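Add 31 to a position in the sequence shown, counting from 1, and you land on the number used in our numbering.
Note that CB positions come from ideal geometry on N, CA and C, so glycine has one too.
As the structure is a prediction and not an experimental result, all values here were calculated from the model.
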Amino acid sequence: MSLSTETSKGVPTPANGSESTTHAFAQMKSETWSVEQSAQTYGINNWGAGYFRINQAGNVAVTPKGTNGPGVDLYELTQELQDRGIRIPIMIRFPDIIKERVHLLHSCFQKAIADHSYKGNYCGVYPIKVNQQRHLVQELVKFGRDVRLGLECGSKPELLVVLSLMNTPNGVIICNGFKDTEYIETALLAQKIGREIIIVVDRKDELKIITETAKKLNMRPKIGFRAKLNTQGAGKWVDSAGARSKFGLTAIEIVEGVEFLKKQNMLDCLELMHYHIGSQVPSIQSIKSSLKEAARFYTELYSLGANLKYIDVGGGLGVDYDGSGHSDSSVNYSEQEYANDIVSTLQTMCDEKNIPHPNIVTESGRALVAHHSVLIFNVMGVNNLFIQEPPAPATKKDPALMQEMQYIYEKMNSENLNECFNDLMQAKTETLNQFTYGVLNLTQRAWCESMFFAIATKMLATAQKTTDSEDIVAELRERLCDTYFCNFSVFQSVPDSWAVGQLFPVMPIHNLKQEPYHEATLADLTCDSDGKIEKFIDTETGEMKKTLRVHPFKEGDAPYYLGVFLTGAYQEILGDLHNLFGDTDAVHISIHESGYTVDHYVPGDTVTEVLTYVQYGRAEMVDSVRQFTEESIAAGNITKQEAKSLIKHYEEGLSGYTYLEEME
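This is how it looks when you write it as C-alpha cells:
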C-alpha cells in the first residue's frame, strides 16, 4: 500500500509534542553509557599510542609515559590555562611526549642492531622542516643529546637555524635542498667549529660548487649523494619519490659524479648515500622494497671506491592517525618492525657483497613530533537539523504533498520503515520541484522542509532499534548531521586536512561519560566553503566517515571543547593567513608526578601583527579611520562621543586576538 494513496482518508492532526516526538532524542540514546564506549567511539586507544586516554571523570587525559605514568586532565588544563589569560583556541604542546618518541625510536634501532649483531651504529636526524618552532627544536636537541640525535636542514635559512642550536657531540647535520655557493660555504665553514656536517648532492650541478668551494677554503668536504630510486613508496606523498621525483641523482649521474670526484682527488670525501621515498608511508612492504634498491646503490658505490660510512634512509616512518592499520592515514607496522627491517635488510645485502655495515641515519620527523601537539577550540554555535517538534499539522486545504508528509509522520513504524524512507526521499525531491514551478509558496516550502527533518529525526530513532536498517541509519545520520561552528581556522591550524585530505583524530575532550548522540561536521571561522572538517575516523569499519559524533550544544550553555590531536608535524608551519586568522596562543606543558608546569607561553598573533604580513601599518590605518570620522562629524552623521567610541574599538581590535574572544 502506497502511503500517498491514503491521504483521501483524512490526515490525523494530533497536537505537537506527542510522546513519539518529544522523546525522539531520548530514543537515540543508550540507557547507559561508559567511558569505555566513548573510547571505542573515538578510537582513542588505537591512535592515542598510550599518550592519550579517557579518565574516569569522562575527560581526555594526557599520559606521556603511558597509562601508568603521571598525567594531566586536558579539560581541566584548558580551563586553568584560560584562568591564566591564555586564549582559546590554544595549541598545547607536550615536550614529554617528544622525549618519549626520541628515545623510543633510538631504543628500537638499538634492539634491532643487538638482535642482528649489526656492526654499524644508528644516528637519528630530525628534519626541521616538519616543525621549525624554536622551543620545539631546542627540546629535540636537549632530549636527543644522549642518543646523538642530529638535525637536517633543507634550505639556507634552516641551515642558519640548525647552526645556532645544534651542539650535540658527534651529532650529524644533514644539508639537503637547493644550494648556492653561500649555503655551501656556510656549511663547510661550520665544519671548522666542530660540526659533523654532510652536504648532500641533490642535483648534479651542486657537486662542482661543493668541490670548488672546498678547494678555495682548503678543506676536505663531507659529501653525500642522493639517489633517485625507481621504487616508489605509498600513500598521499608517493610522488615525492620514484624516477620522476624532484630531487636526486639518476644512476648515470651517480656514476658521473664518482668519476668527477676521482679526477678531483676527492672520492674519499663521499661518505653518505641518501634516498627518500616520501612522507607517511603506510606499508612496510614499500619501505622494504625501496631499501633493497637503495642498498644496492650503496654496495655498488662502495665497490667503485667510495669511502662510504653512512646510509641515510630518509623519512617515511608513518604515524597511526586513525588506528585502522590499513589506510593512508595509518601504518601497518610498528617502530620496532621498521627498525628490524632496515637493519636486517642492510645486513643481508652488505654481507652478500662482503662490505662493512654502514651507520644508519633516519630522517623521521613526523614520527617524532606529531603526537606532542593538540589543538583545543570551543564551539561557538550550531546549525541543528534534528527537529523534535513537527510543524503545525497539515489540513485538507493544504497541497497534497504536505498532507502526504503529515501522513508519513503519523503512520511511520518499524514495519513500514523502508517504504516510509523511500516516500520521504521522494517528498524531498517533490518539495523542490513544486516550489520551482510555483505549486508551493515559500511558507509551504518552509513547512515541508521542517516536516522533512522532523520525520527524519523520528525515523532515525526507529531505525536504530530495527535490524537490517543500517543503510537507512547511515543515510539519515548524514542528512541530519549538525554543523558545529568552531573557533579556529582549518587553514591555519590543520591545513593538511583541507589540502590533502589528511585524517586527524578529532573528539570532545570532556562529557565522555555521556553518550554523544548527535552527528556533526565542523565549520571554522573563515568565510571559505572549504573551511571545515568533514572526514573522521569510523572505528566500526576502520574507514573514513563524513560526520563526528558529538554531544548536543546550545548557545548559552557551558563551553563545549573539541580537540584535534596529532597536529605536531607540519600543521603549524604550513598554516596560512586565510581571512587573516593568525597563529593561535601556544603553551608548552611539562607533566610530573605532582602535576604540571607551564614551561613556555607563545602568544598568538594580534591583528596588527597579521596585517603587517600583508603590508598594512597600524598608524596609517588608525589615522585613515580618524579622518573618516572627522568628515562624518562635520557632516552631522556621527557624534563626537560615537566617533571616540569607534576609534577606541578600532584600536582595541588591532591589538586583539584574530580569533573570537569571550566577552569579559
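Ser-625 sits exposed, since fewer than 16 C-beta atoms from the chains shown fall within 10 Å of its C-beta. In this structure, Ala-258 and Phe-328 form a Cβ contact; the two beta carbons are roughly 5 angstroms apart against a cut-off of 8 angstroms.
For Cys-154 and Gly-347, the gap between their C-alpha atoms comes out near 16 angstroms.
The C-alpha of Gln-533 lies about 12 angstroms from the C-alpha of Tyr-601. Membership of Met-297 in any beta strand (DSSP E) is not indicated, and neither H nor E is assigned to it by DSSP. Between Ser-360 and the set Val-350, Glu-366 and Pro-590, the nearest pair of CA atoms involves Val-350.
Fewer than three beta-carbon pairs drawn from the segment 107–120 and the segment 674–686 are found closer than 8 angstroms, and the two stretches are therefore not classed as touching. When DSSP reads this structure, Ala-617 sits in a beta bridge with Met-122 and Val-633. Here Glu-550 has Arg-508, Glu-509, Leu-511, Cys-512, Asp-513, Thr-578, Leu-579, Arg-580 and Val-581 as same chain residues with Cβ atoms under 8 angstroms from its own Cβ, once five neighbours each way along the sequence are excluded. Excluding the 5 residues flanking it on each side, Gln-646 has no same chain C-beta neighbour closer than 8 angstroms. DSSP places His-541 in the coil class of the three-state scheme, outside both helix and strand. Sequence-distant partners of Lys-96 (beyond 5 residues in either direction) whose C-beta falls short of 8 angstroms from its own C-beta, in its chain, are Asp-127 and Glu-131. Closest by C-alpha distance to Pro-200, out of Lys-187, Phe-209 and Gly-175, is Gly-175.
DSSP lists Asp-513 and Leu-579 as the bridge partner or partners of Ala-551.
Around Lys-253, the same chain offers Gln-222, Glu-227, Ile-228, Ile-229, Ile-230, Cys-300, Glu-302 and Leu-303 as residues with beta carbons nearer than 8 angstroms, after the five sequence neighbours per side are excluded.
At a Cβ-Cβ threshold of 7 angstroms, Ala-401 and Leu-605 do not count as neighbours. About 7 angstroms separates the beta carbon of Ile-391 from that of Phe-140, a gap short enough to meet the 8 angstroms contact definition. The Cβ-Cβ distance between Glu-189 and Lys-210 does not fall below 7 angstroms. In the structure shown, the three-state DSSP call for Phe-612 is coil.
Along the segment 305–363, the beta strand (DSSP E) occurs as fully enclosed runs of 3 or more residues at 341–343, listed in sequence order.
The Cβ atoms of Asp-233 and Phe-278 sit closer than 7 angstroms to each other. With contacts defined as CB atoms closer than 7 angstroms, Glu-324 and Leu-406 fail to qualify as a contacting pair. Distances from the CA of Met-490 to each of Cys-479, Asn-447, Asn-668 and Phe-466 were compared; the closest alpha carbon is that of Asn-447. Per DSSP, the unbroken beta strand (DSSP E) holding Asn-409 starts and ends at 404–414. A distance of 7 angstroms or more separates the beta carbons of Val-203 and Gly-185.
If you look at Tyr-592, you'll find it in the beta strand (DSSP E) that goes 592–595.
Rounded to the nearest whole angstrom, the C-alpha separation of Thr-488 and Ala-650 is 54 angstroms.
In this structure Lys-496 is exposed. Its beta-carbon is surrounded by fewer than 16 other beta-carbon atoms within 10 angstroms. Judged by beta-carbon spacing, Ala-370 lies within the 7 angstroms limit of Ala-143, meaning their Cβ atoms are closer than that value. Collapsing the DSSP output to three states places Lys-247 in a helix. Taking each of Lys-150, Gly-587 and Ala-425 in turn and checking the Cα distance to Thr-474, the smallest one comes out for Ala-425. In the three-state DSSP reduction, Pro-158 falls in the strand class (E or B). In chain order, Gly-81 and Arg-84 place their CB closer than 7 angstroms to the CB of Thr-98, counting only its own chain and leaving out the 5 sequence neighbours on each side. Under the three-state reduction of DSSP output, Cys-479 falls in the helix class.
The Cβ neighbour count for Leu-463, taken over all protein chains shown within 10 Å, is under 16; the residue is labelled exposed.
Per DSSP, Cys-451 has no beta bridge partner at all.
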